[in-house]
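Residue numbers (the numbering used here), protein chains in the order written: chain A, 6 to 356; chain B, -16 to 561.
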Amino acid sequence: MGSISELVADRRVRMVGGLLALVVAGILPALSGSIAIRADASFAVIFALGILSVVVLTGYVGQVSLCQATFMGISAYGTAWLVNSGVNYWVAAVVGVILAFGLGVLVGIPALRLRGILLAIVTVGVALSFDVYFFQDDAFAWFNGGGGGWGVDGATLFGLQLDAINPENVLHTYWLLLAVFAVVAILLVNLHDSGSGRRFRAIRDSELAAATMGVNLTKYKLLGFGISAAVAGIGGAFFPVVLGRVSSQPFSFFYSLQFAAFAVLMGVRFVPAAAMAGVFMAFVPELLIRLSGAMHVEISYDYFSIVLGALLVLQLITAPEGVWGDSAARIHHLLHRNKRVVAEPTKVITT
Amino acid sequence: MSLLSVEKVSLNFGGVLALDSVSFQLNRGEILGLIGPNGAGKTTMFNCISGVLTPTAGEITFEDQSLLGLKAHERAARGIARTFQNLQLWRTMTVLENCKTPMDALGNRGIVSDALRMPWATRAERAGDERARAVLHVLDLLHHRDELAGDLPVGIQRRVELARALCMRPKLLLLDEPASGLDAGETEHLADTLQVIRDRFKVSILLVDHDMSLVMRACHYIYVLDFGEVISTGRPEDVREDPIVISAYLGEGSGAADQAPAAGNGRKRTKSQGGTLESDTLPEREPLLVVSGLRAGYGGIEVIRDVSMTVGVGEVVACIGANGAGKTTTLRAISGVVRPSAGRVMLDNVDITKKTSESIVRLGMVHVPQGRGLFPKLTVDDTFALSAYSGKAGGGLDAVYEAFPALKDRGSQLVGTLSGGQQQMVAMARALLVKPKLLLIDEMSQGLAPAVVSQLFERLSIFKQQGIAVLLVEQFVDSALAISDRVYVFEQGHVAHEAVASVLRRDQALIASAYLGTAVDVTSTGGEEPRELEPGLMDELSVKLPAEIKRALQERALQEGKDTDTLAMELLGGKAKK
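Have a look at this one:
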């Protein structure tokens, strides 16, 4: 007891580390007065929630989904629709998250039979049909607001005004989002280490063993999909207030792909990796474009995709557990270098 | 009235009858063995009990309640735990987490209270932790508790699977091939461990294994399956001497059965020979294939250890031994299909250990694999053309059709539509086309009718006359010995004996021991008659009676043609009150 490595693994150290990161993340956007940067910070958290939903589904339960942005979208549209029907924003947001949970459970039903590539294709179908029809087609104008989507003025929370116009209010929105993310992250870490989390992970590692050891596959697979969709839905419910409107573009299949790709890149089994990936996804494209402006080179968003693709290939070769996962493992290894554990020989009675 | 009762269970796999009306009873507190050659339906039976497969007919009851219609996790909740032949640990979880999972799966705590760390969730977590540690302690695994299950050596992983199953606090433990991948010493240790587990955790155990030494040592009672049917039942020492069982393992109704009772002494007798071949000495042959110290396996499980053998020019050598003894793996390691982890293979004084399979073929050694390795969508002619192309000379098809006249009219037929025997002929003919010096043939007669098998053996003797050396893995021991010059007997991954075929043919006892194991400890099975029975209802009896006594009662009932209840009542002298 008492070595640094054990301290790292200690819950208190994780909490202090998380709190520090939270404070830094809270202060940094406040230092800039720019609405754009503060809004980007909010998007970083929303993306982080989207990636966190992949961590739950793929990292914990081992299921594949390429429609996480759709879950986010159903919640965002649901919230905006209800707000425009005169419902209080936060009530609408809760309904939005519940909608996402429900859709998640529905999408989980094919997962009871299918796995791997076949399941992925089913979710792609869900993503494309929602993207093209439910979120865009005028037949569903009552839900998607018709051509330009919904506009949302903002929301109030305990007298605090939240909107996308005033720099102060944008910052408040960001802080609220950050706090929500922290709570969700803590709950998910708790879940991971608890009995329910072990049942999820048991399904990931061996369904056969999980079933014969008493894990109800139907229940836990559907719950996994539901919880994952709800996490994405929480991000989606903030969309209207952060952007001031809702349109289909951020919920396209392309975003679902990005969520999956970033989750794998940073470490699909780790909650902190989702935070890292959210920041990366929100700021790196912006940074690239600014850099190109400063260097007078024409760089479009496409370059970002190329960079992402190259990074993914590199990562899968050098750090299969993801950037966060492998760095953590390497630090752990460095600290343990001096006390390498020698496997004890098995007790064998020979006569 | 038994703990587990299987009644006339049948299972159809797309037309193939994997289980044919199998019935058996497992009594509380018993270690019951289910044995039989490969493909006999043992693991299928297991899957039916644990809910992975659903039988097409029959009934399985556990504690007098039907299991059919229950899902796997519901059966686990009833108290049935199992292990797996191919390890199914949760590899990215630690050993302790592996052991805690079944408990909280059955405890079924809420996901919300888990995420919120409610006090009751934390308390349950601590209780589960303590129980898991206690089980790990008993199985001597506590020091591995924080290691990832997937990082552990295979032997230890098997023990962790056992611990995980015990953590469920099961009433019935199903063990699927727990000894596979273990060496003789570990197997013996395992047999002792099973007794300890039964006494300490108060579980009944159903055991399936190839390894006869484990089954004979650990089990109180044995059912033997073959082709999905129960062919014999009894105590270990009886089953081992049952002619039907021996012939099932040897693959034909050979004379082995007559002399089998002497099996226990077989090993000692050959040992005293010291490997020298007294009579029937063979002519000196120039060595063609020399294998030394070969080790190989799959995915970390070492299947063969230190296998050394030679095959002379033009010599026919057979490998025999029980299923899982390492014969097929040896052939695969020799022909380069499996990469050996140690050892050397020399063909014609060329080291071929590291060579690829196709370059080995060019050097004149061809492997006819188990299952034949044909292309079902190619015609017979195309198959031969392909082979002639990849071989060096492309020897004439005429010679092939001469050797296998049955194939003559079938040139344009798809290989997949041929009968099993014809397919085997195509596989052998294809091998002949590359003009080999040495032919490795694995389980040539598998799944074929005896008449076809004898035809194939005739072909082999023609090869022999043509000077082609053959290394043969065969279940039809007698036929194999008849055409072979020498024999290697495999046991648990190494060559246990080497003998001249004609000598071994006379020593049937040794053959039987190679297949049925010699490590029987008769004292481990109690054959006592019921002495004093408490009066009471049969229900109570079946719970309270020691398994050994109840089994003896059942056996006697069977002999006298009565049902168990009636017999028990008779023995009680009618004193039992209803």
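A virtual CB, placed ideally from N, CA and C, is assigned to each residue, including glycine. Being a predicted model, the structure only gives us computed values, none of them experimental.
Chain-ordered neighbours of residue i on chain B, where CB pairs are closer than 8 Å
i, result
"Asp210 of chain A", "Leu72, Trp73, Arg74, Thr75, Met76"
"Leu192 of chain A", "Ala98, Leu99"
Cβ neighbour criterion (16 or more within 10 Å) applied to residue i
i, result
"His197 of chain A", "buried"
"Met427 of chain B", "buried"
"Gln73 of chain A", "buried"
"Thr105 of chain B", "exposed"
"Leu330 of chain B", "buried"
"Gly399 of chain B", "exposed"
"Asp209 of chain B", "buried"
"Trp103 of chain B", "exposed"
"Ile79 of chain A", "buried"
"Phe264 of chain A", "buried"
Interface partners of residue i on chain A, CB under 9 Å
i, result
"Met151 of chain B", "Met218, Gly219"
"Arg147 of chain B", "Ala214, Met218"
Distance between residue j and residue i (C-alpha atoms, nearest Å)
i, j, result
"Ala301 of chain B", "Ala201 of chain B", "31 Å"
"Glu515 of chain B", "Leu493 of chain B", "Since pLDDT at Glu515 of chain B reaches only 36, below the 50 mark, its modelled position is unreliable, and the value read off the structure follows with that caveat. Those two C-alpha atoms are separated by around 42 Å."
"Gly107 of chain A", "Gly231 of chain A", "6 Å"
"Asp129 of chain B", "Leu79 of chain B", "6 Å"
"Pro115 of chain A", "Val131 of chain A", "11 Å"
"Leu292 of chain A", "Ala49 of chain A", "13 Å"
"Ala1 of chain B", "Gly41 of chain B", "13 Å"
"Arg114 of chain B", "Val328 of chain B", "51 Å"
"Lys224 of chain A", "Arg92 of chain B", "13 Å"
"Phe267 of chain A", "Arg16 of chain A", "26 Å"
"Glu57 of chain B", "Val276 of chain A", "32 Å"
"His172 of chain B", "Val59 of chain A", "45 Å"
"Glu27 of chain B", "Val453 of chain B", "Looking at the sequence shown, residue 27 of chain B is not Glu but Thr. C-alpha separation (whole angstroms): 35 Å."
"Val69 of chain A", "Ala184 of chain A", "28 Å"
"Thr75 of chain A", "Pro245 of chain A", "15 Å"
"Leu192 of chain A", "Phe135 of chain A", "29 Å"
"Gly109 of chain A", "Met76 of chain B", "26 Å"
"Arg204 of chain A", "Val220 of chain A", "6 Å"
"His480 of chain B", "Tyr206 of chain B", "29 Å"
"Val247 of chain A", "Val28 of chain A", "21 Å"
"Met253 of chain A", "Asp331 of chain A", "A quick correction: the sequence has Ser, not Met, at residue 253 of chain A. Answer to the nearest angstrom: the Cα atoms are 35 Å apart."
Residue range of the unbroken beta strand (DSSP E) whose run includes residue i
i, result
"Asp425 of chain B", "421 to 425"
"Tyr471 of chain B", "469 to 474"
"Val286 of chain B", "284 to 295"
"Tyr281 of chain B", "270 to 281"
"Asn(-5) of chain B", "-13 to -4"
"Ile303 of chain B", "299 to 304"
"Phe45 of chain B", "40 to 45"
"Val456 of chain B", "452 to 456"
"Asp159 of chain B", "155 to 159"
Interface partners of residue i on chain A, CB under 7 Å
i, result
"Arg65 of chain B", "Thr217"
"Ala60 of chain B", "Gly219"
"Glu80 of chain B", "Arg203"
"Thr84 of chain B", "Arg203, Arg204, Ala207, Met218"
"His480 of chain B", "Simply none; closest approach about 20 Å."
Chain-ordered neighbours of residue i on chain B, where CB pairs are closer than 9 Å
i, result
"Leu321 of chain A", "Those do not exist, as Leu321 of chain A stays about 17 Å from chain B at its closest Cβ, beyond 9 Å."
"Leu228 of chain A", "Ile94"
Terminal residues of the alpha helix (DSSP H) in which residue i lies
i, result
"Ala237 of chain A", "222 to 248"
"Gly139 of chain B", "The question names Gly, but residue 139 of chain B is Ile in the sequence shown. 137 to 150 is the extent of the alpha helix (DSSP H) around Ile139 of chain B."
"Asp221 of chain B", "219 to 224"
"Val194 of chain A", "172 to 198"
"Phe259 of chain A", "258 to 271"
"Glu385 of chain B", "380 to 386"
"Met28 of chain B", "25 to 33"
"His120 of chain B", "102 to 121"
Proximal residues of chain A, C-beta to C-beta of residue i below 8 Å
i, result
"Glu108 of chain B", "Ser199, Gly200"
The ligand NAD heavy atom lying under 7 Å from the CB of residue i
i, result
"Asn30 of chain B", "In terms of ligand content, the structure shown is empty, and the ligand NAD therefore cannot be addressed."
Min CB distance residue i to chain D below 8 Å
i, result
"Asp87 of chain B", "Protein chains in the displayed structure are A and B, and chain D is not among them."
**Message:** Under 9 Å, CB to CB, which of the residues in the stretch 9 to 43 of chain B have a partner in chain A?
**Reply:** Ser33, Gly34, Val35
**Asked** Going along the chain, which residues of the stretch 194 to 220 of chain A sit with their C-beta nearer than 8 Å to a C-beta in chain B?
**Response** Asn195, Leu196, Ser199, Gly200, Ser201, Gly202, Arg203, Arg204, Arg206, Ala207, Arg209, Asp210, Ser211, Leu213, Ala214, Ala215, Ala216, Thr217, Met218, Gly219, Val220
**Request:** Could you name the residues of the stretch 107 to 140 of chain B whose beta carbon sits closer than 9 Å to any beta carbon of chain A, in the order they occur along the chain?
**Result:** Ala107, Glu108, Gly111, Asp123, His126, His127, Glu130, Ala132, Gly133, Leu135, Pro136, Gly138, Ile139
**Message:** Can you pull out the residues from the stretch 200 to 222 of chain B whose beta carbon lies closer than 9 Å to at least one beta carbon of chain A?
**Reply:** none
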